[in-house]
Amino acid sequence: MIGFILLFVIAFAGAILFFVSRKKPMKEVSVFVVLSLLSFMLWIDIMLDHTFNPNKLIGWMLDWVGL
């Protein structure tokens, strides 16, 4: 699990640097960050054998951002 967390942190930081260097809109970056962190929470939850359903949270976030 430590390897997964390290891989996620490295990939996440690389993606954020990519977004910033390409001067993407803040709305696009925020959607990426929220969805990435939700998927990270879901994978950690799967590895720990718990139940977490992010569907309502994802729907609310997409409505709030306006996509």
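Just so you know, the numbering used here puts 1173 at position 3 of the sequence shown, and the rest follows in order with no gaps. For glycine and all other residues, C-beta sits at the position ideal for the given N, C-alpha and C. All of these numbers come straight from a predicted model, not from anything done at the bench.
Quick check on DSSP: helix, strand or coil for ASN1223? coil
So LEU1196 is in the alpha helix (DSSP H); what residue range does that whole segment cover? Here the sequence assigns Met to residue 1196, which means Leu is not the residue at that position. Per DSSP, MET1196 belongs to the alpha helix (DSSP H) from 1196-1217.
Helix, strand or coil: how does DSSP classify GLY1236 here? coil
Take MET1171 and list the residues in its own chain whose beta-carbon comes closer than 7 Å to its own, dropping the five residues that flank it on each side. MET1217
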